[in-house]
Amino acid sequence: MKKVLSKMIIKYLDGVSDDEIEQLLVIPPEVDMGDYSLPCFSFAKRLKKSPVTIADHLKVDLENDSDQSVITEICSMNGYLNIYLNRSNYIKFILDDAHNLDLNLSAEGIGKVICMDYSSPNIAKNFHVGHLRTTVIGNSLYKIYTKLGYKVIRINHLGDWGTQFGKLIVGYKNWSSKEQVEEGGIEELLRIYVLFNKKVKDNPMLNEEARLWFLKMEQGEEEALSIWKWFKEISLKEFNRIYRLLGIEFDYYLGESFYMDKVPALVAELKEKGLLLESQGANIVNLEAYNMPPCLITKNDGSSIYHSRDMAAILYRNNEYHFDKCLYITGLEQKLHFAQVFKAIELMGYDWADGLVHIPYGLVSLKGEKLSTRTGNIIYAEDILFEAIKRSNQLIAEKNPNISNKEQVAEIVGLGAVIFHDLFHQRIKNINFSWEEVLSFDGATGPYIQYTYARAKSILRKGNIDKINMDIETNLLIEQASYNLVKEIASFPNKVKESAARYEPSVVARYVWGLATIFNKFYQECNILNAEKKTKEARLVLVYLTQKTIKDAMELLGIRCPEEM
């Protein structure tokens, strides 16, 4: 509808695009202010008129426009143009357009490629809830961009290279054994890592041993690489178990080690372009002119570092995939790192560098404590997920003990609760995890929305409707509760686009919560199954569209919806 209105308005505004108008059109906060409102302030300078005058002229022009049939009233107020729609015609427009939703959405990204770098857990460390954030945010953005027609390449940039592996090898050789690692798996590797960080406080020379072992890895020494590969295999088993549980897949698992042999070419190119400087034995790109510390390329012993490996990865990805955008979903603490890397790529003369985007997120904590492997105070993702399933099982047994497939429903609800709790928050915000909040069946939670979906499915089953007929009398849906629901359903495509534009899954999460809330009010105020035949048919269409939209929105968040709860 925004597109329809913008095409009407554009005829009367010179030098303004219909896309700009479409973006400016908003739904007012109060019902009596109209169905859509257009603020005219941004047009004033171009049109050399006051916002009030622009709104007044638009009101007159639109009232005299013979082409429009969806508007019943237009008001000009303090520089705003408030538009009231013909409810019956508007509802018909939405119903007619419902079948073309996917087609309309998928047109935006046709022919465009997005690379996404997310999840990226560290080898030999447990998959904790911090990794869970990047994983579910990245998975949701992947689904959103795919819905919009983009070709999305999912890359898991495993943390499988770096000095920490030197520490692990030293720890393994001093305080563990092959048998202990085989039996304990990643838990044993974690024990070794934590123990190393304790021991090094009393024996700083351990750091030198670790540095030398990592240097052996970089030089291709057989024993060092053999132990490293073994640690990697053990870690991947755990990571894949979590990905299977969440239903998440990747196109490529290309860790830092994959780009090692590409770093020398990067160094040579930087040197050739006059960007590589020596500083205290190390090689850097000077970023002082951009108010940033230098971008370290190689350390004084010649070994690579995160900056150089990430830059090599970017060059490889652009050459291989020819991306329009390359998105990095990592913690906020890496903001400076990516600013340095992206600026260094830009200085190399690549005009596509403006497609490099860091998408940061905040911390997850229990009682406000940051999660860290260095202290051993870790919240494992797997523990959180299985605990959620266990608690969901108990809740469902209390609420609906006779439900079929109870175990499957508990898994869907438990996993969905954790994911929704994360994605409902703006990604930049820190999250304080609370079981009471996560698993509540009331409020802005996954279970509340899943229960609403199950309620809608139950109504459709009781309505004995084999196939929904969209050819209804739309004037039967013009009362406020029904009309509010239609408007909310109609806003879904714009919310998907907004979510993509802002790299913000919370837009979809908050939308679907709002939709569920409006539907439940509609359910309370409007008799559906016992209404007169034509009214029943009309209201069942709204129930059908609601459950379909809820399911579509939840799928974009990576959450399934059970048919009953």
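Counted from 1, the sequence shown has number 305 at position 323 by our numbering; the numbering is strictly sequential. The beta carbon of each residue, even a glycine, is placed where N, CA and C say it ideally should be.
By DSSP, does Tyr53 sit in helix, in strand, or in coil?
Inspection of the sequence shows that residue 53 is occupied by Ile rather than by Tyr. Ile53 falls in the strand class under three-state DSSP.
Work out the CA separation of Arg193 and Leu269 for me, nearest whole Å.
27 Å
Identify which residue in Leu257, His304, Leu252, Leu248 has its Cα closest to the Cα of Arg291.
Leu248
Looking at C-beta atoms only, is the number of pairs between the region 114 to 127 and the region 404 to 413 that lie closer than 8 Å three or more?
yes
Top-ranked residue by Cα proximity to Leu197, from Ser286, Ile216, Tyr154
Ser286
Asn179 - containing alpha helix (DSSP H), residue span
168 to 181
For Ser562, three-class secondary structure by DSSP:
A question about residue 562 goes unanswered here, because the residues of the chain that appear run from -17 up to 547.
Cβ atoms of Lys518 and Leu527: under 8 Å apart, would you say?
no
Using a 10 Å radius around the Cβ and a threshold of 16 neighbouring Cβ atoms, would you call Leu318 buried or exposed?
exposed
In terms of alpha-carbon separation, which member of Ser101, Val8, Lys133, Lys149 lies closest to Asn185?
Lys149
Under DSSP, the beta strand (DSSP E) around Tyr310 begins and ends at which residues?
307 to 313
Going by beta carbon distance, what residues of the same chain come within less than 8 Å of Ala321, once the five residues before and after it are set aside?
Met274, His340
On the premise that Ile56 lies in contact with Leu44, defined as a C-beta separation below 8 Å, what is that separation, rounded to the nearest angstrom?
5 Å
Buried or exposed (CB count within 10 angstroms, at least 16 for buried), Tyr272:
exposed
For Tyr235, which residues of its own chain have a beta-carbon under 7 Å away from its beta-carbon, when the five flanking residues on both sides are left out?
Asn138, Leu140
From Lys(-15) to Ser24, what does the alpha carbon distance come to, in whole angstroms?
19 Å
Complete runs of the beta strand (DSSP E) confined to the region 27 to 110 [at least 3 residues]
53 to 59, 62 to 67, 95 to 99
Tell whether a beta-carbon distance below 8 Å holds between Met98 and Tyr66.
no
So what's His340 in DSSP terms, helix, strand or just coil?
strand
Under 8 Å, do Ser464 and Ile9 count as touching if we go by C-beta distance?
no
Distance between Ile378 and Asp1 (C-alpha atoms, nearest Å)
47 Å
How long is the line joining the alpha carbons of Gly555 and Lys381, rounded to whole angstroms?
Any question about residue 555 goes unanswered here, given that the chain covers just -17 to 547.
Quick one: residues in its chain with C-beta nearer than 7 Å to the C-beta of Trp195, no 5 flanking neighbours on either side, listed in chain order?
Gly148, Ile151, Val152, Ala206
Terminal residues of the beta strand (DSSP E) in which Asn138 lies
133 to 138
Helix, strand or coil at Glu260 according to DSSP, with G and I counted as helix
strand
The alpha helix (DSSP H) with Tyr433 in it runs from where to where?
428 to 444
From the DSSP output, which residues share a beta bridge with Ala11?
Position check: residue 11 holds Pro in this sequence, whereas Ala was assumed. Bridge partners of Pro11: none, in fact.
Can a CB atom of chain B be found closer than 8 Å to the CB of Glu2?
The structure shown has no chain B; it contains just one protein chain.
Report the three-state DSSP secondary structure of Leu252 (helix, strand or coil).
helix
How should Arg69 be labelled, buried or exposed, when 16 other C-beta atoms within 10 angstroms of its C-beta is the threshold for buried?
buried
What is the rounded straight-line gap between the Cα of Ile366 and the Cα of Cys543?
20 Å
So Cys308 and His289 are supposed to be a Cβ contact under 8 Å. How far apart are they, rounded?
About 16 Å separates the two Cβ atoms, so there is no contact after all.
Can you tell which of Pro103, Ile96, Leu29, Leu258 has the C-alpha that lies nearest to the C-alpha of Leu329?
Leu258
Any idea if Ala483 is buried or exposed, counting beta-carbon neighbours within 10 angstroms, 16 or more meaning buried?
exposed
Do you know offhand how far Ala26's Cα is from Thr128's?
38 Å
Ordered along the chain, which non-local residues of its own chain (more than five positions away) have a Cβ less than 8 Å from that of Glu169?
Asn108
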